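Everything below concerns the one structure shown next.
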Amino acid sequence: MQGLPVTLSVNSGSILIAGGCEQAAQKTRLAMASGARVRVVAVEAVAEIHELAAQGRISWHRREFGIADLDDTIAVFAAGSPDLCAVVSKSARARSVPVNVVDQPALSTFQMPAIVDRDPISIAIATGGQAPALARQLRSTIEAIIPTRLGDLARFIAGIRPQLAHHSSEMRRKLIDALIDGPVADLVQAGEIEQAHRAAADVLDGELPKGVIHLVGAGPGDPDLLTVAALRALSRADVVFYDSLVPPAILDRVRRDAERRFVGKTRGHHSMSQHDIGHALVTEALAGRNVVRLKGGDPFIFGRGGEELLAARAHDVPVVIVPGITAALGCAAAAGIPLTQRHIAGAVTFATGHRAKDRPDTDWKTLASADRTLVIYMGQDEAPRLCSDLIGSGLSAATPVAVIANGTRPDMQIRCGALTDLAELAASLAGGPCLIIIGEVVRLSSHWPVEQIVALAAE
Ligand SMILES: C[S@@+](CC[C@H](N)C(=O)[O-])C[C@H]1O[C@@H](n2cnc3c(N)ncnc32)[C@H](O)[C@@H]1O
855 MQGLPVTLSV
865 NSGSILIAGG
875 CEQAAQKTRL
885 AMASGARVRV
895 VAVEAVAEIH
905 ELAAQGRISW
915 HRREFGIADL
925 DDTIAVFAAG
935 SPDLCAVVSK
945 SARARSVPVN
955 VVDQPALSTF
965 QMPAIVDRDP
975 ISIAIATGGQ
985 APALARQLRS
995 TIEAIIPTRL
1005 GDLARFIAGI
1015 RPQLAHHSSE
1025 MRRKLIDALI
1035 DGPVADLVQA
1045 GEIEQAHRAA
1055 ADVLDGELPK
1065 GVIHLVGAGP
1075 GDPDLLTVAA
1085 LRALSRADVV
1095 FYDSLVPPAI
1105 LDRVRRDAER
1115 RFVGKTRGHH
1125 SMSQHDIGHA
1135 LVTEALAGRN
1145 VVRLKGGDPF
1155 IFGRGGEELL
1165 AARAHDVPVV
1175 IVPGITAALG
1185 CAAAAGIPLT
1195 QRHIAGAVTF
1205 ATGHRAKDRP
1215 DTDWKTLASA
1225 DRTLVIYMGQ
1235 DEAPRLCSDL
1245 IGSGLSAATP
1255 VAVIANGTRP
1265 DMQIRCGALT
1275 DLAELAASLA
1285 GGPCLIIIGE
1295 VVRLSSHWPV
1305 EQIVALAAE
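Sequential numbering of the sequence shown, starting at 855, is according to my numbering.
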C-alpha cells in the first residue's frame, strides 16, 4: 500500500484553498462536500468562487497568500502559479499542515483519492498518485453499482441501533445483517421508509419479514434500456414472474439462481389469469421471498401493474415500483420520431387499439387531431377498424403513420405511410409486439423520404 488512507475530521478548523483558478474552484467544491468551513485566499477568482462567497457559503480573502493563513487550518490545497504552489507547500510543511498541490505530488504531503460519496458513507480510491486516471475510471464503475440511497440505509440502521441495545452483541450483529441484506434494505433504497420501518419491526420481533414485490419495467426490449434500479432488482431476485413481452436478452440479466416463472400466453395454452398472477406474487412474498414481476415497457402503461399493486396492498405486502421505458418512448426514439414538436404537435396521447367487450368504443374525436400525436398500443390486429374510425372522426386520410414492430430490438421493423394505408402497413410486418404512431411528427422520422424532411426543416 502506498500511504495510509484515513479520513480527516473537519470540525477543529477550516480548509484553506490557496488560489482562485478553475482547479481551486474544484477543490473548493470538494472541501465544501466534506462539511468543512472553507476559506479561499486569492487576488482573483473564477466566477464560481465569487458566487459561493456572495452566497456566504465560503469566505474569500482577496489578497496574496501569507503564512498566517495557515492558522486554524486543518489542510490546505494550492492551485495556480508555480511560485504560489512552491510558497504554500513550503509554508505548510514548516507548520506541519497537510498540503495538496494540484497535480504536483512532489510538493504535496497528501493525495486526494477519487471519491464515491454516499453520505455518510464514502468510498475512496487511491493510487498513491501513480494513476489518477485509473482511479477516476474505477470511480465511475463503482458509482454505477452502488445504490444512490446507500447513505439513507446507513442512517436508517443508525436510527434503529438504540432498539437493539438490550440484545447480546451476537444477536445485534445477526439482526443488523438481516436488516441490511433483505426487504428492509430494498425498501429504504427505494425510498419507501414507512414500509421499511414496518419490515424492520418484523425483523426485530423475530418474525420472518414479508418479502418485497418489485413491479419492474423491463423497457421495450433492448437490455441497454433497463434502468439501474431494474438491474439491481433483477440481480437480487429470488423469483421472477415474466411474460412474452420480456425477451431472452433481458432475462439473461436475472440472477442466475433465481427461479423464473413464465405467466404469459403460449400457443395453445391460456395465460395465467390476472387474479392468479396477483395471488402467486403475494404467496411468494408472504413466504419471505424477494419477488420481481418483470413487465415489458412500464408496469403502469397498459401493463396491469395497477392490479398487481392492489393485490399486494390487500395483503399488506410491501411493494417497490421500478418504472421502465414504455414502448411509445422506446419505439419513437428508435424510429427517430419526436412525439411532440414545436409548431407541429403540442400533445401526445397513449391509447389502446384493443377493444374491450365490456367498455364503450374509444371516442377518437377527443383523442386525435392534426396538431397532436396519437400512439396506439395493441393496435396491429385492429388496424383496418382503427383506420376507418380515425378517418371517420375527422383525421385526414393523408396523416402520416408509422408502424413499428419489435421496437428497439435487433429484429425491429418500421413502415411509414399515410393513415389510409394503415391496414396494409400493419399487415406487412412479421410477428412481435407492434406499435402505431399517428401524426405529423412521423414526417421527421429517418424512415420518411429525405426530401420531405428537408422541406419540413426549412419551414
Ligand atoms: C400489454 S401492452 C404492454 C405495454 C407496456 N407496459 C409498455 O409500457 O410498453 C403490449 C403492447 O405494447 C406495445 N409494445 C411493447 N413493446 C413493444 C416493442 N418493443 N415494439 C413495439 N411495440 C411494443 C405493443 O403495442 C404491444 O401490443
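Cβ coordinates follow ideal geometry from the N, Cα and C atoms, glycine included. Keep in mind the model is a prediction, meaning the values are calculated, not measured.
Looking only at its own chain, which residues have a Cβ that is under 7 Å from the Cβ of A1087, when we skip the five neighbours before and after it? H1068, V1070, V1146, V1176.
Below 8 Å, can you find three or more Cβ-Cβ pairs linking the stretch 1100–1119 to the stretch 1076–1090? Yes, the stretch 1100–1119 touches the stretch 1076–1090.
In its own chain, which residues sit with a C-beta less than 6 Å from the C-beta of C875, not counting the 5 before and 5 after it? So the list reads A933, G934, once near-sequence residues are dropped.
Please determine, among W1302, S1250, P1287, the residue with the shortest C-alpha to C-alpha distance to N1260. Taking the Cα of N1260 as reference, the smallest distance to any Cα among W1302, S1250, P1287 is reached at P1287.
I'd like to know whether the C-beta atoms of E1302 and P1254 end up nearer to each other than 9 Å. Correcting the residue identity first, residue 1302 is Trp in this sequence and not Glu. Cβ atoms of W1302 and P1254: closer than 9 Å.
What alpha helix (DSSP H) runs, 4 residues minimum, are completely inside the stretch 1083–1131? Taking only runs of at least 4 residues, the alpha helix (DSSP H) segments lying wholly in the stretch 1083–1131 are 1102–1105.
Taking 8 Å as the cut-off, is the CB of L870 close to at least one heavy atom of ligand 1? Because no heavy atom of ligand 1 lies under 8 Å away, the Cβ of L870 does not count as near it: no.
Neighbour-count burial assignment, A896, 16 or more Cβ in a 10 Å radius: When all chains shown are included, A896 counts as buried.
Give the range of the beta strand (DSSP E) segment to which H1051 is assigned. Under the DSSP assignment, H1051 falls outside any beta strand (DSSP E), being part of the alpha helix (DSSP H) whose first and last residues are 1047–1058.
D1235 versus A1280: straight-line alpha-carbon distance, rounded: Spanning the two alpha carbons is a distance of roughly 8 Å.
Apart from the five residues on each side of it in sequence, which residues of its chain come closer than 7 Å, Cβ to Cβ, to G1036? Hits under 7 Å: P1063.
Is the closest heavy atom of ligand 1 to the C-beta of A1189 under 8 Å? Not under cutoff, so the answer is no.
Which runs of the beta strand (DSSP E) at least 3 residues long sit entirely within the stretch 870–946? Give them in chain order. DSSP runs (the beta strand (DSSP E)) wholly in the stretch 870–946: 891–895, 913–915, 927–932.
Regarding A1259 and ligand 1, is the C-beta to nearest heavy atom distance less than 8 Å? Yes, ligand 1 has a heavy atom inside 8 Å of this Cβ.
Return helix, strand or coil for V1136, following the three-state DSSP convention. Reduced to three states, the DSSP call for V1136 is helix.
On a Cα-Cα basis, can you pick out the residue from T1206, K1211, T995 that is closest to L1221? Of T1206, K1211, T995, the residue nearest in Cα terms is T1206.
What residue range does the alpha helix (DSSP H) around I1000 cover? Counting along the chain, I1000 falls outside any alpha helix (DSSP H), and DSSP gives it neither H nor E.
Using a threshold of 9 Å, state whether the C-beta atoms of I1291 and I1198 are closer than that. At a Cβ-Cβ threshold of 9 Å, I1291 and I1198 do not count as neighbours.
Unbroken beta strand (DSSP E) run spanning Q1267, endpoints: Looking at the DSSP string, the run of the beta strand (DSSP E) that includes Q1267 is 1267–1272.
Quickly, what does DSSP pair T1227 with across the bridge? List them, please. Paired residue(s): V1202.
So does the stretch 880–897 actually touch the stretch 907–927, counting three or more Cβ pairs closer than 8 Å? Contact annotation: the stretch 880–897 touches the stretch 907–927, with at least three C-beta pairs closer than 8 Å.
Going by DSSP, what residue range makes up the beta strand (DSSP E) through L1069? Per DSSP, L1069 belongs to the beta strand (DSSP E) from 1067–1071.
Could you give the distance in angstroms between the alpha-carbon of R947 and the alpha-carbon of A987? A direct Cα-to-Cα measurement between R947 and A987 gives close to 27 Å.
Option in R990, G1013, A890, G1073 with minimal Cα separation from C1185: The option with the nearest alpha carbon to C1185 is G1073.
For D923, which option in L870, G889, T963, K881 has the closest C-alpha, if you only look at C-alpha atoms? If we check each option's Cα against that of D923, L870 comes out closest.
Taking all protein chains shown into account, do 16 or more other C-beta atoms lie within 10 angstroms of the C-beta of A998, making it buried, or fewer, making it exposed? Result: exposed.
Ends of the alpha helix (DSSP H) at K1028? It spans 1023–1034 - the alpha helix (DSSP H) in which K1028 sits, taken as one unbroken run.
Kindly indicate which residue of A1252, L1140, V1174, A1181 has the alpha-carbon position closest to the one of G1150. Scanning A1252, L1140, V1174, A1181 for the CA closest to the CA of G1150 turns up A1181.
Tell me whether I928, by its Cβ, gets closer than 8 Å to a heavy atom of ligand 1. No; taking the cut-off as 8 Å, the Cβ of I928 has no heavy atom of ligand 1 nearer than that.
Taking 8 Å as the cut-off, is the beta-carbon of P1287 closer than that to any non-hydrogen atom of ligand 1? Result yes, Cβ under 8 Å from ligand 1.
Thinking C-beta only, is A885 closer than 9 Å to F919? Taking 9 Å as the cut-off, the Cβ atoms of F919 and A885 do not count as close.
May I ask whether a heavy atom of ligand 1 can be found less than 8 Å away from the beta carbon of C939? At a cut-off of 8 Å, the beta-carbon of C939 does not count as near ligand 1: no heavy atom of the ligand is closer than that.
Reducing DSSP to helix, strand and coil, say where D1245 ends up. Correcting the residue type first, residue 1245 is Ile in the shown sequence and not Asp. Three-state result, I1245: helix.
When the Cα atoms are used, what is the spatial distance from G1271 to A1251? About 10 Å.
Quick check: does the Cβ of F919 come within less than 8 Å of any heavy atom belonging to ligand 1? Taking 8 Å as the cut-off, the C-beta of F919 does not count as close to any heavy atom of ligand 1.
Which residues in the same chain as A940 place their Cβ atom closer than 8 Å to its Cβ, once the five residues preceding and following it in sequence are excluded? If we look at A940 and ignore the five residues flanking it on each side, its Cβ neighbours are L961.
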